[in-house]
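Counting from 6, one number per residue, gives the positions in the sequence shown under the working numbering.
Beta carbons: idealized from backbone N, C-alpha and C, even for Gly.
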Amino acid sequence: MPDHTHAPAPVIHHPIPIHTTAHGAVVPASSAALPAVTSVQLPDGRIVTGYTLTPTPPTPPRPAGSVPAWAKTTALLAPTVGGGVAAAGIGLSYAAPGLIAMSQALWSAAALLVAAVIAVPLALRTARRALTGNHDGAGGGPVRTTNHITQNITATGLFGRAGGTINHP
């Protein structure tokens, strides 16, 4: 019975030129042509051929005093950002007179709008009084009288029915 306490390492099989030895073992015809191919004899006597895994060498540590990649990137971007800020400043200096004129025009438009909101109702009220002849009697026309209407409303309770009276003098 084979010993299963030690599991063999996984081996990737690939068709390669092989030949059989005198006692029935199968081996690669030339393992020199395939440097990553190795034959291994298992504990039960079988010979298995397959690719060997070669570990990749670890990356060497960065020498002390070297500059990190993020610092290099930042250093390369600094002139670009500075140039952009300089170009924006130059553009604003050329646009400053126009911006000042636009801001003054906006303030003038806002003042005109406020004046219109106040002046238009006053003008309409004056025109309506002149057309109807209803004024306070200073011009010799009819005197405008006011009517006072009194309304009394009573209700009982929160949802009680309300009743009321209107008094005309």
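{"Query": "Option nearest Asn152 by Cα separation, candidates Pro65, Ile171, Ile158, Ala160", "Result": "Ile171"}
{"Query": "Three-state secondary structure assigned by DSSP to Thr5", "Result": "Look at the range of the chain in this structure, 6 to 174, and you will see that residue 5 is not part of it."}
{"Query": "Residues bridged to Ile158 (per DSSP)", "Result": "Gly169"}
{"Query": "Cutoff 7 Å; reference Gly162; Cβ partners in own chain excluding five residues on either side", "Result": "none"}
{"Query": "Pairwise C-alpha distance: Ala100 and Ala110", "Result": "15 Å"}
{"Query": "Cβ shell of His173 (< 7 Å), same chain only, five flanking positions each side left out", "Result": "Ile154"}
{"Query": "Asn157 versus Thr150, Gly169, Phe164, Gly165, residue with shortest Cα-Cα distance", "Result": "Gly169"}
{"Query": "Gly55 (DSSP reduced to helix, strand or coil)", "Result": "strand"}
{"Query": "Every unbroken alpha helix (DSSP H) within the stretch 53 to 121, with a cutoff of 4 residues, ordered by chain", "Result": "none"}
{"Query": "8 Å CB neighbourhood of Pro68 in its chain, flanking five on each side removed", "Result": "none"}
{"Query": "Where the beta strand (DSSP E) containing Thr43 begins and where it ends", "Result": "42 to 46"}
{"Query": "Residues of its chain near Thr78, where Cβ-Cβ distance is below 7 Å and the 5 sequence neighbours each way are ignored", "Result": "none"}
{"Query": "Proximity below 7 Å, CB of Thr57 to CB of Ala41", "Result": "yes"}
{"Query": "Simplified DSSP assignment, three categories, for Leu129", "Result": "helix"}
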